[in-house]
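Student: Those sequence lines, one after another, are chains U and Z. Letter by letter, the first sequence follows residues 1 to 68 in the working numbering. Letter by letter, the second sequence follows residues 1001 to 1315 in the working numbering. For each residue, glycine too, the CB sits at the ideal point set by N, CA and C. The structure follows.
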Amino acid sequence: MQIMKAKSKPLQVWSLADIGIEAPAQVREVVSNLAEEQDRKHILFEGTAAEQADAFVDALIREGVLGR
Amino acid sequence: MAVLLVYSEKIETARELVAGGKELGAALGLGVSAVALGPGAAAAASELAAAGADTVYVSEDAAFEGWPADAVAAGLAQIADLAGAAVVFVGSTRRGKETAPRLAQKLGAGCVTDVNGLAAEGGELVAARYAFGGATVAREKLTTPVKVFAVMPKTFSVEGATAGAGKVESPTLNVESRVTVVDRRAKEGDHVNLDAAPLIVGVGRGFNAREDLALGDQLAAALGAVVGCTKSLADFEWLGEDRIIGLSGAKTAPDLYLGVGVSGQIQHTVGVAGAKLIAAVNKDKEAPIFAMADYGLVGDLYEVVPALVERLKSV
C-alpha cells in the first residue's frame, strides 16, 4: 500500500548544476565491458564414485598438479 | 626517464608486481622502481631487485608500522614525485585497496582497483577488472598523466624475472598517521591465506551439516590443499570469514580449485576464475559450476569424496 502511494508522489529531479556542482572530468575510459570467456575443457567423468575418482586423479597427475 | 613504481606491503605480491611491471614498463619506455616501507623494509630490497627493480626506495620510519593507509599513501606520494613515477602499481590487498585511492587523490591521478589483467596497447595501459558482480570484465584506461592501479595478487608471475640494478635509496619522508593503534591482538579462530594457496578445496551448501565438513578437510589434507568456502557457509558460521572465496572474499588464482557441493553461483566463482584448473563435485549435472570447469565429477559428494581420499592415498 505504501509503495502504491509512493508511486504517485511528485519526483524532484536535479542536475549537478542545480545543486552547484561542476561535473568532474572523466578520468576513466571504458574500452570494453563484456562477459568473460573461459577456455575450459568441460570434461565430465562417468561411472561409479571410485571410477570417477580414479579418472580425476589420473587427470591431475597428467596435468602436473599431483605427483610432482 | 619516467618510471613505473611498485608497492605492496606483502613481499610476494610486490615481487610479482615488479616482474610484471618490468615487462609492461619496457613496452611503455618506463623503468621500474619499487618501494619497501615499514619494519624489515631494508631486507626486502634485495628480493625486489632480484625481481627486476632498478631502484628500491626504502623507509623503516615508525609511522609505517602496521602500514596505516594514510601514512603509506603520503609516503608513496612523496616517493612517486621523487622518482618521477608516471604509473604506480599497488598490490590490491585489503590495505592496498585503502591506500591506492588515497595515493591517487594526492597525485591528482586516476585509479583503478581490483585489476586482474594489464596490457600495453597503443602505448597505453589497459586494465581489466570484474564488473557487474563478476558477470563481465571491464577493460579500462586512465586519462590522467599519472595513473594508479591496484593490482590483484597473482596477476603476474615472478617466473623468469630478470634482476634489476637494485640501487637502494632511503629518502627522508614527512609522514604521520592520524590513526593510533590502541591494541593489536591475534585473531581468534583460524587464519588462512587463500590468495597464495596453490591448491584449494572449496566447500558449499551441498554439505548437509557442519560436522560433515570434516570430509572436505580430509580431501584437502589428501591433496595438500587449503579449504575455502562459499559465503553461505560463513553466514551459517560453519567456517570463518577468512575462508570466503568470491565477491565478498578472496580472489584466488590457484593451480587447482576443486569445488565440492558448490553450485557455481557467480558471486563465488568470480573468486576462482583465475585458477589454472577448475574441477567440481556435484550431484546435479546441470549445476552452473560445470559450465566453467575443466573436470567434473557428477555424483553424491558423500560417496565421491571418500573415493577421492582413498585414491589419493596411492599418489
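Which residues mark the beginning and the end of the beta strand (DSSP E) in which residue 1316 of chain Z is found?
Tutor: In this structure chain Z extends from 1001 to 1315, so residue 1316 of chain Z is not present and cannot be described.
Student: Considering only their Cβ atoms, is the gap separating residue 1229 of chain Z from residue 1260 of chain Z smaller than 7 Å?
Tutor: Position 260 of the second sequence, counted from the start, is the residue given in the question as residue 1260 of chain Z. Position 229 of the second sequence, counted from the start, is the residue given in the question as residue 1229 of chain Z. Taking 7 Å as the Cβ cut-off, residue 1260 of chain Z and residue 1229 of chain Z do not qualify as a contacting pair.
Student: Considering only their Cβ atoms, is the gap separating residue 1024 of chain Z from residue 1006 of chain Z smaller than 7 Å?
Tutor: Position 6 of the second sequence, counted from the first residue, corresponds to residue 1006 of chain Z. Position 24 of the second sequence, counted from the first residue, corresponds to residue 1024 of chain Z. Contact: no.
Student: Below 9 Å on C-beta distance, what does residue 1298 of chain Z contact in chain U?
Tutor: For the purposes of this step, residue 1298 of chain Z is taken as residue 298 along the second sequence, with counting starting at 1. Within chain U, the residues near residue 1298 of chain Z are 44, 45, 46, 52.
Student: Below 7 Å between beta carbons: does that hold for residue 1296 of chain Z and residue 49 of chain U?
Tutor: Start at 1 with the first residue of the second sequence, and residue 1296 of chain Z comes out as number 296. Start at 1 with the first residue of the first sequence, and residue 49 of chain U comes out as number 49. No, the Cβ-Cβ distance between residue 1296 of chain Z and residue 49 of chain U is not below 7 Å.
Student: What's the gap between the Cα of residue 1094 of chain Z and the Cα of residue 4 of chain U?
Tutor: Residue numbering aside, residue 1094 of chain Z sits at position 94 when the second sequence is read from its first letter. Residue numbering aside, residue 4 of chain U sits at position 4 when the first sequence is read from its first letter. Taking the straight line from one Cα to the other gives about 43 Å.
Student: Report yes or no: is there a C-beta of chain Z within less than 7 Å of the C-beta of residue 5 of chain U?
Tutor: For the purposes of this step, residue 5 of chain U is taken as residue 5 along the first sequence, with counting starting at 1. Chain Z, which has no Cβ nearer than 7 Å to the Cβ of residue 5 of chain U, makes this no.
Student: If you reduce the DSSP assignment to three classes, tell me which class residue 1205 of chain Z lands in.
Tutor: Here residue 1205 of chain Z refers to the residue found at position 205 of the second sequence. Three-state DSSP puts residue 1205 of chain Z in coil, outside helix and strand.
Student: Does any residue of chain Z bring its CB to less than 7 Å from the CB of residue 22 of chain U?
Tutor: Within the first sequence, residue 22 of chain U is the residue found at index 22, counting from 1. No, because no Cβ of chain Z sits closer than 7 Å to the Cβ of residue 22 of chain U.
Student: Taking only beta-carbon positions, decide if residue 62 of chain U is within less than 7 Å of chain Z.
Tutor: One-based indexing of the first sequence puts residue 62 of chain U at position 62. No, because no Cβ of chain Z sits closer than 7 Å to the Cβ of residue 62 of chain U.
Student: Check the Cβ of residue 1149 of chain Z against every Cβ in chain U and list those closer than 9 Å, keeping chain order.
Tutor: One-based indexing of the second sequence puts residue 1149 of chain Z at position 149. Per Cβ cutoff of 9 Å: no residues; residue 1149 of chain Z is ~11 Å from chain U at best.
Student: Per DSSP, what kind of secondary structure is residue 1213 of chain Z in: helix, strand or coil?
Tutor: Reading the second sequence from its first residue, position 213 is the one you call residue 1213 of chain Z. The answer is helix: DSSP assigns residue 1213 of chain Z an H, G or I state.
Student: Flag this pair as touching only if the region 1244-1251 of chain Z and the region 1206-1215 of chain Z have three or more C-beta atom pairs under 8 Å; answer yes or no.
Tutor: They do not touch, by the three-pair rule.
Student: Run down chain U in chain order and give the residues with a C-beta less than 9 Å from the C-beta of residue 1255 of chain Z.
Tutor: Here residue 1255 of chain Z refers to the residue found at position 255 when the second sequence is read from its first residue. Chain U residues near residue 1255 of chain Z: 63, 64, 65.
Student: Candidates Z/1167, Z/1140, Z/1219: which alpha carbon is nearest residue 1032 of chain Z's?
Tutor: Reading the second sequence from its first residue, position 32 is the one you call residue 1032 of chain Z. It is Z/1167 whose Cα lies nearest to the Cα of residue 1032 of chain Z.
Student: Would residue 2 of chain U pass as an interface residue toward chain Z - the criterion being a Cβ-Cβ separation below 7 Å?
Tutor: As a first step, residue 2 of chain U must be located in the first sequence, where it is residue number 2. So, not an interface residue.
Student: Per DSSP, what kind of secondary structure is residue 8 of chain U in: helix, strand or coil?
Tutor: Counted from its first residue, the first sequence places residue 8 of chain U at position 8. Reduced to three states, the DSSP call for residue 8 of chain U is coil.
Student: I'd like to know whether the C-beta of residue 1057 of chain Z is nearer than 7 Å to at least one C-beta of chain U.
Tutor: Looking up residue 1057 of chain Z in the second sequence gives position 57. Not one chain U Cβ lies under 7 Å of residue 1057 of chain Z.
Student: Find out if the Cβ-Cβ distance for the pair residue 1150 of chain Z, residue 1100 of chain Z is shorter than 7 Å.
Tutor: By one-based count along the second sequence, residue 1150 of chain Z stands at place 150. By one-based count along the second sequence, residue 1100 of chain Z stands at place 100. Yes, these two residues count as a Cβ contact at 7 Å.
Student: Which chain U residues are close to residue 1141 of chain Z, counting only those with a beta carbon under 8 Å from its beta carbon?
Tutor: Along the second sequence, read from residue 1 onward, the residue named residue 1141 of chain Z stands at position 141. Simply 28, 29, 31.
Student: Grab me the residues of residue 1008 of chain Z's own chain with a C-beta within less than 7 Å of its C-beta, minus the 5 sequence neighbours each way, in chain order.
Tutor: For this step, residue 1008 of chain Z is matched to residue 8 along the second sequence. These residues qualify, in order along the chain: 1014, 1017, 1090, 1091, 1093, 1096.
Student: How about residue 1096 of chain Z: is its C-beta nearer than 7 Å to some C-beta of chain U?
Tutor: Reading the second sequence from its first residue, position 96 is the one you call residue 1096 of chain Z. Judged by the 7 Å Cβ criterion, residue 1096 of chain Z is not in contact with chain U.
Student: Closest by CA to residue 1302 of chain Z, which one among Z/1219, Z/1161, Z/1088, Z/1068?
Tutor: Here residue 1302 of chain Z is taken as the residue at index 302 of the second sequence, counted from 1. Ranking Z/1219, Z/1161, Z/1088, Z/1068 by Cα distance to residue 1302 of chain Z puts Z/1219 first.
Student: Identify whether residue 1058 of chain Z lies in helix, strand or coil by the three-state DSSP scheme.
Tutor: For the purposes of this step, residue 1058 of chain Z is taken as residue 58 along the second sequence, with counting starting at 1. It is a strand residue.
Student: Could you pull out every unbroken beta strand (DSSP E) segment of at least 3 residues lying fully inside the region 1115-1171 of chain Z, listed in chain order?
Tutor: You should have 1117-1121, 1124-1131, 1136-1142, 1147-1151, 1167-1169.
Student: Starting from the C-beta of residue 1065 of chain Z, find all residues in its chain whose C-beta is less than 7 Å away, skip the five residues before and the five after it, and write them out in chain order.
Tutor: Your numbering for residue 1065 of chain Z matches position 65 in the second sequence. Same-chain partners within the cutoff: 1038, 1039.
Student: List the DSSP bridge partners of residue 33 of chain U.
Tutor: In the first sequence, counting from the first residue as 1, residue 33 of chain U sits at position 33. In the DSSP output, where bridge partners are listed per residue, residue 33 of chain U has Z/1138.
Student: Assign residue 1001 of chain Z to buried or exposed, taking buried as 16 or more other Cβ atoms, counted over all protein chains shown, within 10 Å of its Cβ.
Tutor: Against the second sequence, residue 1001 of chain Z aligns to sequence position 1. Under this definition residue 1001 of chain Z is an exposed residue.
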